[in-house]
Each structure stands twice: as structure tokens, then as C-alpha cells.
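Visitor:
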Amino acid sequence: MNPLSSFLLFWSSLFLGCLFCAIALQHAGYISDAVATLSGQAIAAAQGGSSFSGLLTAYPPLPRLLTYVVALMEPRFPALVAGALLLSLLGSLLYQQMAGKEDDRFNHLSAAASALLLLAGPHSLLAMVEGPEAVLMALAIFVLGQGMFDLRSEASAVAAMKIALAMMLLVLSGPTGMIFAIACLPFLALCLPGDLRRQRPDAIYLTFLFPALFGIGSFLYLRWLFGANDAATGISGAFQTLSLTEPAKPSTLAAALIALAALGPPLAWKVLRSWRKPVLMEPLTGLILSVAAAAVLTFIFHTGRLPILMTASVLGVLATCIARVSVGRWAMIAVLAIGTGTALGWIAFAGNVSGARGISNVSSSQSAVAELRPIAEALDSLDGVMLDGISHPQILTFMSSTNGLSLPGSTDFEIDLLRKAITAPFFAVPDPMHAAARQGRINRAFPEAFDHGLPGYERIYDENGWRIYARVGQAGGW
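Read left to right, the sequence shown gives residues 482 to 959 (my numbering).
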């Protein structure tokens, strides 16, 4: 079997396994707030309830665009599926790097075992629960590490292109990825060969940064082109909270403990193997210092995002540490190292379950997002409901189908708001006492709709801060 066929076959197998885990998490109710929100926004855009340009011009663009593409296939949690797709891609790239081009069964078995052990760790599960942003960042760190090792050993243009691609993926993956991209800049010098350090370091740094700068420039141009001038959904909006520091939480400490436990054995083995080889030790040092600097910056500016950085960094660095081992006993030692790290990570996870569940703000049965399940189930049984799904996208995530909804952007919804008269058989409104609900278009157009309803409508549902009104005579079995 040629390398491309084996890669695609392994990727498909890993994706099915990750998808099974994602479905199990979904049915168990362990869905992060970020996944529920992003999934709902993508579903609304895919169903025509909001403009595609609105999704594309919101930061970060890459996770949103990937989730939108997945939402076109109509799964219930497209952000979770997108995370599973990227996670399986990371494992497949690790497999391809370790297996090499030779048709050696032992190499392929050790590569497959390493990839499976990498994805079996708690850090992989937590990254997938967080959605495509964390996994995309881990994938970018892995590509960055490969480029740093290649550039130090080969000084090739392909290696520089890998680093440039990783920088672009980092800045477009989200605020945490952009912090990592900024933090790693000084330490990229450690991967430069001696002649490049002395002669033209400015030229090689421009090569590293050009795709990232071009990507950000293109994103800003699209925002200007589509008239998205509000900062709330742009880069500045994404970084608004970075000026607010937060105290260390149990989830932050749990993430640190799980990261150190999982990363310790493979990293220690990699350091021992590279100790007397500057061509290996210098890029490894640069990668570790980049993670440390990014952690410090994240802790200073936004402690709340530190767990996301840790889970993504552990995935990327773990894959980098063992990616280039494909020879005999070294491959077996790599498998043992990552297996030990995975076991220690699960031990640390089991000892900090309460803190670890907060790493990704995972929803439980008592969370605000999970409280939207009853209203979603109620809307599932109705046809022709007017709902502001843009202000409350999480509801769309929990619904089996959105075909019976009248969403913002649809003709019926917009005409009803212009006429100041609802013609839909049903409409749903949240309690305007909540800040998010006050921003909803239905509440702004009909301020008294929640408390008193509208003429010709009767209340048929009242639970968890939501009310559904039906036109008189259409309540059915309610």
C-alpha cells in the first residue's frame, strides 16, 4: 500500500473513532459552552438563518469556516465533529511521519500505536470537547515543531514554509493561538542554522511572518468589504477580555497537573536522546520556551484561557517529540514513553475530575447551556416557530431539525419585525431580565411579549426563563 493510501485509510479509521467519542460525549451531556454556541451559529448560517458573511467576518475565521462546512452536512454538533476531524488529522500526520516511506511492518505498527496512544490521552479528549479552536492550535504547534527541526537540520525552503504555515494557522485559530504566535517569535532563532543567524535573520523572519500577516490582512479586508465594522465580532472584540486578569481556578491547576503528567515521560526521553546533539536540542529548547512564554503571557492577560493553551500545547509538543522516531528500538521506546505519559495523564485526570471538568467549561445537567434542552425539545414538536436563533444559537444545537423555524434573515421573520406584527403560528421569547435576552430582536421589537404575550396568542410553555406563545386555536395538545 502506498503512503497516501495508508494515510487516508488511517485518517478515516481515526476519524470514526473520534466521532464515536464525540457522539458519546454529546449523549452524556458533556458539551462545552463554546461548542454549543459555535455549533448553533454554524447551523443558523447553513440553514440560511444568518448570512454566511457574518460567520466569515467573525474572529476566529478558520474554526468558524470549518464548522460551517461541517454544518452543511446537518450533524447536531458540527463544532464537535470539526474537532474530531482535526484531531484525527493530527494523529494521521503523526502516523505518516513515524511510519516513513519504507514498507516496514514494525514501523507502521509502532507509528499506529503512538498515534492511538496520543489520541487516547485526557488532553486529546479535553481539546476535542473545546471544539476546533484548541485542536487547530495543537495541529499548528505540531507543524511548527516539525518545521523547526527540519530547518535546523536541513535549512530547506520547505522547512521555512512549514513554520510560516504554522504561524498563519496560529493567528487565525483564535486569541490563544495568536498569543502563542507572538510568544514564539524570539525562540524561532534557535532553529536557524548558524549562517542564517549571522547573515540575514530579518529575511527569514519575514518569510515566517508573511503568510500570517497576509491572513490577518485578508480577514480585515473581508470585514471591511462586508461592512462588519463592529468590534464585538472582530479581533479587537476577541481580545477585549484579555486586559482582565482572573485568579487561578481549580480547572487551571488541574490542566497544569494533567499536562505535566502526560508530557513528562515523552519529553524527558526526547531531552535525553537529544542532549548531545545541538541539531535536535536547540529546536526542542525553542519549542519548550515558546510554550512557557505563551503560558506566562496567557496567565498575565487572561488566566481563563490558560487551560486551552495547555491542552493544545501538550498535544502539539507530544506529537513533535515522537514524530521522528521510526527505527527499531527507538520506536519501541517512543511508544512506551507516550504510553506512560497517557497513563499518568489519566491518573492525574482521575484525581482532579471536578477541576478537569471546568477546563473547557464543560456543560453538566445544571449548566446554563444544558437548561436550554427543554425549550429545544419543545420547539422540535412545533412547526412555524418564530425564534431569534442568532442571539441564542445554543438552542439550535439541541434541536433535531431547524426546518420548522423562522430565523433572523428569513423573509417571514424580517417582514414581521418591519410590520411590528407577528404572523407565525408560534413564537418563543426569553426573559428580558437576562442581559443576553434583552439584545434579542424579538424582545426589542415587542418589549411586552414575554410578560403579556401578543393579541391573539396564548402561552403554552413557561420554563427556565423561556415562554412559547401559540396563536389561539393552534395550541394542539399543549
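Beta carbons: idealized from backbone N, C-alpha and C, even for Gly.
All of these numbers come straight from a predicted model, not from anything done at the bench.
#1: Taking all protein chains shown into account, decide if methionine 490 is buried (16 or more other Cβ within 10 angstroms of its Cβ) or exposed.
#2: Should threonine 657 and isoleucine 789 be called a contact, given that it needs their Cβ atoms to be closer than 9 Å?
#3: If you measure between the beta carbons of alanine 773 and methionine 618, is that distance less than 9 Å?
#4: For the beta strand (DSSP E) holding tryptophan 947, just list the boundary residues, first then last.
#5: For the beta strand (DSSP E) that contains phenylalanine 908, what are its first and last residues?
#6: Would you grab the beta carbon distance between serine 654 and alanine 621 for me? Rounded to a whole angstrom, and I think it's under 8 Å.
#7: Cα separation between serine 486 and leucine 574?
#8: Going by the C-beta, is proline 682 closer than 8 Å to any heavy atom of the ligand HEM?
#9: Using C-beta distances below 7 Å, list every residue in its chain close to aspartate 869, excluding the 5 sequence neighbours before and after it, in chain order.
#10: The alpha helix (DSSP H) with tyrosine 942 in it runs from where to where?
#11: So, alanine 742 versus glycine 820, is the Cβ gap smaller than 9 Å?
#12: In terms of residues, what are the limits of the alpha helix (DSSP H) holding tyrosine 540?
#13: Give the range of the alpha helix (DSSP H) segment to which glutamine 627 is assigned.
#14: Near serine 595, what residues of its chain come up, given a Cβ to Cβ distance below 7 Å and the 5 sequence neighbours on each side ignored?
#15: Between His604, Arg586, Leu787, Ala517, which lies nearest to leucine 799 when the distance is taken from Cα to Cα?
#16: Give me the Cα-Cα distance between alanine 515 and histidine 915, rounded to the nearest whole angstrom.
#17: For leucine 606, count the other beta carbons within 10 Å of its own beta carbon; 16 or more makes it buried, fewer makes it exposed. Which is it?
#18: What whole-angstrom Cβ distance do valine 562 and leucine 600 have, given they're in contact under 8 Å?
#19: Quick one: residues in its chain with C-beta nearer than 6 Å to the C-beta of leucine 886, no 5 flanking neighbours on either side, listed in chain order?
#20: In terms of residue numbering, what span does the alpha helix (DSSP H) encompassing histidine 933 cover?
#21: In whole angstroms, what is the alpha-carbon distance linking aspartate 897 and valine 551?
#22: Rounded to the nearest angstrom, how far is the Cβ of phenylalanine 623 from that of leucine 571, given a contact under 8 Å?
#23: Rounded to the nearest angstrom, how far is the Cβ of alanine 775 from that of alanine 664, given a contact under 8 Å?
#24: Looking only at C-alpha atoms, which of Ser881, Gly937, Ile876 sits nearest to alanine 902?
#25: Taking the Cβ atom as the reference point for each residue, do phenylalanine 689 and leucine 669 lie within a distance shorter than 9 Å?
#26: Taking the straight line between their C-alpha atoms, what separation do you get for leucine 506 and methionine 609?
#27: Could you tell me the alpha carbon to alpha carbon distance between isoleucine 871 and leucine 765, rounded to whole angstroms?
#28: With 16 as the cutoff for other CB atoms within 10 Å, does lysine 758 come out buried or exposed?
#29: Just to check my reading of the structure: tyrosine 942 and alanine 859 have Cβ atoms closer than 8 Å, yes? What is that Cβ distance to the nearest angstrom?
#30: For serine 845, which three-state DSSP category applies?
#31: Helix, strand or coil, according to DSSP, for alanine 794 in the structure here?
#32: Within 10 angstroms of its Cβ, does asparagine 588 collect 16 or more other Cβ (buried), or is it exposed?
#33: Looking at C-alpha atoms only, which residue of Arg925, Pro855, Ser891, Gln875 is the closest neighbour of isoleucine 949?
#34: Under three-state DSSP, which class holds leucine 886?
#35: So, are the CB atoms of arginine 960 and leucine 671 less than 9 Å apart?
#36: Pick from Leu935, Ile660, Glu944: whose alpha carbon is nearest that of alanine 951?
Guide: The relevant details are as follows:
#1: Your numbering for residue 490 matches position 9 in the sequence shown. Note that residue 490 is leucine in the sequence shown here, rather than methionine. Label assigned to leucine 490: exposed.
#2: As a position in the sequence shown, residue 657 is number 176, starting the count at 1. As a position in the sequence shown, residue 789 is number 308, starting the count at 1. Yes; because the gap between Cβ atoms is below 9 Å, this pair is in contact.
#3: Along the sequence shown, read from residue 1 onward, the residue named residue 773 stands at position 292. Along the sequence shown, read from residue 1 onward, the residue named residue 618 stands at position 137. No.
#4: For this step, residue 947 is matched to residue 466 along the sequence shown. Unbroken beta strand (DSSP E) run through tryptophan 947: 947-952.
#5: One-based indexing of the sequence shown puts residue 908 at position 427. From DSSP, the beta strand (DSSP E) with phenylalanine 908 extends over 907-911.
#6: Here residue 654 refers to the residue found at position 173 when the sequence shown is read from its first residue. Here residue 621 refers to the residue found at position 140 when the sequence shown is read from its first residue. Their Cβ separation, rounded to whole angstroms, is 6 Å, which keeps serine 654 and alanine 621 in contact under 8 Å.
#7: For the purposes of this step, residue 486 is taken as residue 5 along the sequence shown, with counting starting at 1. For the purposes of this step, residue 574 is taken as residue 93 along the sequence shown, with counting starting at 1. Serine 486 and leucine 574: Cα-Cα distance of roughly 13 Å.
#8: Although the ligand HEM was asked about, the structure shown includes no ligands whatsoever.
#9: On the sequence shown, residue 869 is found 388 positions in, with the first residue counted as 1. Hits under 7 Å: Pro889, Gly921, Arg922, Ile923.
#10: Position 461 of the sequence shown, counting from 1, holds the residue named residue 942. Looking at the DSSP string, tyrosine 942 is not in any alpha helix (DSSP H); the run it does join, the beta strand (DSSP E), is 938-944.
#11: Locating residue 742 in the sequence shown gives position 261, where the first residue counts as 1. Locating residue 820 in the sequence shown gives position 339, where the first residue counts as 1. Not closer than 9 Å, so no.
#12: Taking the first residue of the sequence shown as 1, we reach residue 540 at position 59. Segment: none, tyrosine 540 is in no alpha helix (DSSP H) and carries neither H nor E.
#13: Numbered from its first residue, the sequence shown carries residue 627 at position 146. 613-635 is the span of the alpha helix (DSSP H), which, as asked, contains glutamine 627.
#14: Position 114 of the sequence shown, counted from the first residue, corresponds to residue 595. Cβ neighbours of serine 595 beyond the five flanking positions: Leu575, Met579, Ile803, Ala815, Val816, Ile819.
#15: Taking the sequence shown and counting its residues from 1, the one referred to as residue 799 is at position 318. Taking only the C-alpha atoms, the option nearest leucine 799 is His604.
#16: The count along the sequence shown starts at 1 and reaches residue 515 at position 34. The count along the sequence shown starts at 1 and reaches residue 915 at position 434. Alanine 515 and histidine 915: Cα-Cα distance of roughly 19 Å.
#17: Here residue 606 is taken as the residue at index 125 of the sequence shown, counted from 1. By the neighbour-count rule (16 or more Cβ atoms within 10 Å), leucine 606 is buried.
#18: What you label residue 562 is simply residue 81 of the sequence shown in a count that begins at 1. What you label residue 600 is simply residue 119 of the sequence shown in a count that begins at 1. With a Cβ gap of about 16 Å, valine 562 and leucine 600 do not count as contacting.
#19: Within the sequence shown, numbered from 1, the residue matching residue 886 stands at position 405. Counting only Cβ-Cβ distances below 6 Å, and skipping sequence neighbours, we find Val866, Leu868.
#20: Mapped onto the sequence shown, residue 933 falls at position 452. 930-933 is the span of the alpha helix (DSSP H), which, as asked, contains histidine 933.
#21: Position 416 of the sequence shown holds residue 897. Position 70 of the sequence shown holds residue 551. Answer to the nearest angstrom: the Cα atoms are 31 Å apart.
#22: Position 142 of the sequence shown, counted from the start, is the residue given in the question as residue 623. Position 90 of the sequence shown, counted from the start, is the residue given in the question as residue 571. Right, their Cβ atoms sit about 6 Å apart.
#23: Against the sequence shown, residue 775 aligns to sequence position 294. Against the sequence shown, residue 664 aligns to sequence position 183. Indeed, because the Cβ distance is near 4 Å, the residues count as touching under 8 Å.
#24: Translated into the one-based positions of the sequence shown, residue 902 becomes position 421. Ranking Ser881, Gly937, Ile876 by Cα distance to alanine 902 puts Gly937 first.
#25: Working through the sequence shown from its first residue, we reach residue 689 at position 208. Working through the sequence shown from its first residue, we reach residue 669 at position 188. Taking 9 Å as the Cβ cut-off, phenylalanine 689 and leucine 669 qualify as a contacting pair.
#26: For this step, residue 506 is matched to residue 25 along the sequence shown. For this step, residue 609 is matched to residue 128 along the sequence shown. Going from the Cα of leucine 506 to the Cα of methionine 609 covers about 10 Å.
#27: Against the sequence shown, residue 871 aligns to sequence position 390. Against the sequence shown, residue 765 aligns to sequence position 284. Rounded to the nearest angstrom, the two C-alpha atoms are 44 Å apart.
#28: Position 277 of the sequence shown holds residue 758. So lysine 758 ends up on the exposed side.
#29: As a working note, residue 942 is residue 461 in the sequence shown. As a working note, residue 859 is residue 378 in the sequence shown. Right, their Cβ atoms sit about 5 Å apart.
#30: Here residue 845 refers to the residue found at position 364 of the sequence shown. With a pLDDT of only 44 at serine 845, under the threshold of 50, the placement of this residue in the model should not be trusted; the figure read from the coordinates follows. Coil.
#31: To locate residue 794, count along the sequence shown from 1; it is residue 313. Checking the sequence shown, residue 794 turns out to be serine, not alanine. Helix.
#32: Taking the sequence shown and counting its residues from 1, one reaches residue 588 at position 107. With 16 or more other Cβ atoms within 10 Å, it is buried.
#33: Counted from its first residue, the sequence shown places residue 949 at position 468. Cα-wise, what sits closest to isoleucine 949 is Pro855.
#34: Within the sequence shown, the letter at position 405 stands for residue 886. Correct three-state label for leucine 886: strand.
#35: Beyond the ends of the chain as shown, which are 482 and 959, falls residue 960; an answer cannot be given.
#36: Counting from one through the sequence shown, the residue named residue 951 turns up at place 470. With distances taken between Cα atoms, alanine 951 lies closest to Leu935.
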